[in-house]
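In this note's numbering, the protein residues as written are 8 to 146.
Here is the structure:
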């Protein structure tokens with residue numbers, strides 16, 4: 008991938024971890040962020056292999072996120088140039104009555120999930136000299 012980009016005089020400096028594609032059941036949020044550590048172990052192993060491959064390819068960084076649920080959005084208005092829609096969030100338009108999660112997650116539960124991921128992945132990233140860039144969850 009890095010060589011292909013170089014053919015077009017583009018330096019590939021970062022790739023995004025496809026975290027919404029890790030779950031065999033098609034769930035958007037990885038199992039490790041939903042508290043299912045048994046299935047999450049397999050996902051974390053896949054992530055570690057991806058980090059290794061990125062490091063071996065000479066790509067210096069990976070973008071990832073640690074959201075318990077998908078990013079929240081509201082209607083994409085107005086449309087942009089050429090009719091393109093934007094990813095938007097407008098608190099005044101958000102329906103606070105809509106439950107956006109299966110169950111509430113405490114800070115302690117969330118940190119346990121984050122720690123489960125980071126304790127395995129960061130050591131691999133350090134070994135292969137890959138910087139891990141955590142994208143904050145929106146909004």
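Beta carbons are placed, not taken as given, at the ideal position from N, Cα and C, and that holds for glycine.
Notebook entry, point to check: Tell me, which residues are paired with residue 114 by DSSP?
Noted result: Looking at the DSSP assignment, residue 114 forms no beta bridge with any residue, so it has no partner.
Check: Is DSSP giving residue 60 helix, strand or coil here?
Finding: In the structure shown, the three-state DSSP call for residue 60 is helix.
Next item on the list: Could you give the DSSP three-state label for residue 39: helix, strand or coil?
Entry: Here DSSP, grouped into helix, strand and coil, assigns residue 39 to helix.
Checklist line | Same chain, Cβ closer than 8 Å to residue 12, five either side skipped, listed in chain order | finding: The residues are 18, 19.
Margin query: Cutting at 7 Å between CB atoms, please list the residues of its own chain near residue 70, excluding the five before and the five after it.
Written below: Answer for residue 70: 21, 23, 24, 140, 142, listed in chain order.
Margin query: Between the alpha carbons of residue 130 and residue 89, how many angstroms are there, rounded?
Written below: When rounded, the separation of the alpha-carbon atoms in residue 130 and residue 89 is 45 Å.
Next item on the list: Specify, as a first and last residue, the run of the alpha helix (DSSP H) that residue 9 falls within.
Entry: Secondary structure note for residue 9: its alpha helix (DSSP H) is the uninterrupted segment 9-13.
Next item on the list: With DSSP as the reference, label residue 129 as helix, strand or coil.
Entry: DSSP places residue 129 in helix when its eight states are reduced to three.
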